[in-house]
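Numbering (this note's numbering), first residue to last: 2 to 175.
All residues carry an ideal CB built from backbone N, CA and C; glycine is no exception.
Notes follow once the structure below has been shown.
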Amino acid sequence: MMTWIHEGKLDGTGIKPAVVVSRFNSFITKKLLDGALDCLERHGVNTDDINVFWVPGAWEIPPVSVRIADTGKFDCVICLGAVIRGETPHFEYVSAESAKGVAQAAMLTDVPVIYGIITADTVDQAVDRAGTKSGNKGFDAAMTAIEMTALYEYVADLEESMDDSSPEEESTKE
Ligand code: INI
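Have a look at this one:
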């Protein structure tokens with residue numbers, strides 16, 4: 002018995018990503034953006050093909066992401082933000098709605114919409130996830146976007162590739 006394994010390659014050559022990044026807590030979100038751009042460029046994405054959209058806060062990320070995805074001009078949308086707990090319940094609303102909104106955007110649109118919004122109890126936790134102790138969540142989100150873009154493209158052509166008895170380059174038979 003043979004099993005088909007399907008996965009997206011980590012090759013960004015030719016892809017046109019949109020990055021939506023929020024200005025709230027910009028000392029963190031600028032680091033996430035740096036990480037995302039570094040990842041995209043190091044995986045073959047042409048700098049001229051990257052479009053960055055700034056929004057005021059994490060709350061605004063989902064509605065803008067849907068509209069950007071619906072233009073059909075981009076292969077993926079990478080959402081970057083930082084929601085940090087304060088003294089009121091505001092954090093709960095903004096973090097929950099931005100997460101739900103990005104999930105909805107991913108389901109409603111034809112391209113991958115990737116969740117790179119940090120939710121942290123403290124500023125230190127956010128700093129750790131923006132290029133210090135716990136890596137850079139912007140870099141990770143961009144990596145996910147590259148893989149998912151390749152996988153979406155591959156799945157769109159799946160019928161054709163599975164009709165062929167020899168596996169396509171993107172898949173392997175074990
Ligand atoms: N927006 C954030 O991106 N991060 C936060 O930590 C945050 N907090 O805690 O208030 C925040 N609030 C603003 C919100 O995203 C909207 O921009 C605002 O409510 C206007 O719609």
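Return yes when the C-beta of residue i is under 7 Å from any heavy atom of the ligand INI, and no when it is not.
{"i": "Trp60", "result": "yes"}
{"i": "Gly73", "result": "no"}
{"i": "His44", "result": "no"}
{"i": "Pro113", "result": "no"}
{"i": "Ser27", "result": "no"}
{"i": "Gly102", "result": "no"}
{"i": "Val95", "result": "yes"}
Quick check on residue i: buried or exposed, where buried means 16 or more other Cβ atoms within 10 Å of its Cβ?
{"i": "Met144", "result": "buried"}
{"i": "Glu61", "result": "buried"}
{"i": "Arg130", "result": "buried"}
{"i": "Gly36", "result": "buried"}
Ignore the nearest five residues each way along the sequence and tell me which others in residue i's own chain have a CB closer than 6 Å to its CB.
{"i": "Phe25", "result": "Gly58"}
Quick one: Cα of residue i to Cα of residue j, how far?
{"i": "Ser66", "j": "Thr110", "result": "9 Å"}
{"i": "Ile69", "j": "Ile16", "result": "15 Å"}
{"i": "Tyr153", "j": "Tyr116", "result": "16 Å"}
{"i": "Gly87", "j": "Ala127", "result": "13 Å"}
{"i": "Asp141", "j": "Thr72", "result": "25 Å"}
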